[in-house]
Every structure is written in C-alpha cells, then in structure tokens.
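Structure first, commentary second.
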Amino acid sequence: FFFQAEDGIRDDLVTGVQTCALPIYLEAELERAKPERVLRRVLDAVNRARTECVNLEFARSAFETADRLQGPNPRDVLHDLKALDAAVAAWRLDAFPSAGLTSYLRDTSGLDFVARIGEDTTNRHGAWYTIVHNGEPLNIGAHLRAGKNRTLNRIYMHVDSDAKRIVIGKIVAHGPDSTS
Numbered sequence: 444f445f446f447q448a449e450d451g452i453r454d455d456l457v458t459g460v461q462t463c464a465l466p467i468y469l470e471a472e473l474e475r476a477k478p479e480r481v482l483r484r485v486l487d488a489v490n491r492a493r494t495e496c497v498n499l500e501f502a503r504s505a506f507e508t509a510d511r512l513q514g515p516n517p518r519d520v521l522h523d524l525k526a527l528d529a530a531v532a533a534w535r536l537d538a539f540p541s542a543g544l545t546s547y548l549r550d551t552s553g554l555d556f557v558a559r560i561g562e563d564t565t566n567r568h569g570a571w572y573t574i575v576h577n578g579e580p581l582n583i584g585a586h587l588r589a590g591k592n593r594t595l596n597r598i599y600m601h602v603d604s605d606a607k608r609i610v611i612g613k614i615v616a617h618g619p620d621s622t623s
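Following the numbering used here, the numbering of the sequence shown begins with 444 at its first residue and continues without gaps.
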C-alpha cells in the first residue's frame, strides 16, 4: 500500500502517482470478492438505492432514465440518494417541519436541492415533468443538482409534504428549461 505525506507518513520514495494505488487496489479487490457490489453505471446505483433506501419510492421512469445516463459517478448518485433517504427518515420523525425540507437537505445533508422548477418551464415542458407512479400522475419539478460538465446530473422527484413522501422520477443530465 502507498500513502501520502498528509496521512502522517513521510517517505521520500512516495510519489503523487503512488497515492492513487490504494483506491484502485480496493476497488479491484471488491470486484474480485463481490462483483455485484461494484457500481459501474448509474442504473446500478439506482438499483442498489431501491433496496437500501427504504424511505424513498422509485418510479419506473427513474430506472429508464438512469439506464441512459452516461457520465456521473454512480457512487456519487448512490451517495446523494442515501443522503436523501436519511433526510426523509428524519422528516418522518418530525426532526424538522415540511417547510424546512430545503434547508435541512442543504445544511444537514449537504445536498443542492431545488424545490420546484420555474413557471415558464412548467408551461413549456409540463409533460416532461409529469410521471405516472402507481397509476397516479405526479409532478417531478423538485430536484437535486450535482456535478458539472460531463458529470452533471439531476435527480427529479415528487415531494408529497402531507404524506412526507418522496418519489424519485427521473435521473438525467438536465431536464428541459425555459431556454430549451
């Protein structure tokens, strides 16, 4: 194993190139021991979240869009979904009021949450921001923003404040807006 000086080890033989060996080694070991645990695609992350995130619901469209999404690190997507799941658990325990969801997600969970899309976007692209889940049409204007450039992604969701419920609707690079 190789370590960098910031880890408290000072060795003239350790170079910056060697510092990346440990994560690569650990990933290779995980793939060898449990290949099903390695996240290769965003869809893998969403499938894992479906089993691990008990406080979130996933619409079929979340899997369909995640399957097409290229670029974002699947571990980052899974991390954000797990953080969102933990926030919903706290919300259901009345750790904060529904009106405080945006602040809680930003300040406690470290997520970049947008509560709704603009009126212009709704008027121009309302059909894109509507999904059907369990036979019910849902608006998915609320979303998490993450990444930039090639890793840009948005997790669009329906937030039901009365039932303290979040349904993940689409996972894409970016939904259409008033400029598209």
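Glycine included, C-beta positions come from ideal geometry on N, C-alpha and C.
Applying the criterion that 16 or more other CB atoms from any shown protein chain within 10 Å of the CB defines a buried residue, is residue i buried or exposed?
i, result
"N596", "buried"
"V497", "exposed"
"A606", "exposed"
"A505", "buried"
"T564", "buried"
"G569", "exposed"
"L587", "buried"
"L536", "exposed"
"T594", "exposed"
Output needed for residue i: all residues of its chain with C-beta closer than 6 Å, excluding positions within five of it in sequence on either side, in chain order.
i, result
"T545", "F556, A558"
"V531", "N498, I609"
Of the residues the options, which one's Cα is nearest the Cα of residue i?
i, options, result
"R697", "V489, F501, T594", "Residue 697 cannot be examined here, being either before or after the span of the chain that is shown, 444 to 623."
"K525", "I560, E495, G543", "E495"
"H576", "S552, G553, P619, G612", "G612"
"D528", "A585, S621, A616, V610", "V610"
"S621", "D550, I560, R535", "I560"
"G553", "S541, A538, L581, D523", "D523"
So residue i packs on residue j, CB below 8 Å; how close in whole Å?
i, j, result
"V489", "I614", "6 Å"
Closer than 7 Å by C-beta to residue i: which residues in its own chain qualify, once you throw out the five before and the five after it? Chain order, please.
i, result
"L521", "L482, A488, R491, A492"
"W571", "G618, P619"
"L512", "V485, N596, I614, V615, A616"
Run through DSSP, which three-state label would residue i get?
i, result
"Y547", "helix"
"A533", "helix"
"F653", "This structure cannot speak to residue 653, because the chain is shown only from 444 to 623."
"R567", "helix"
Going along the chain, which residues of its own chain have a beta-carbon closer than 8 Å to the beta-carbon of residue i, five neighbours each way excluded?
i, result
"R518", "L482, A488"
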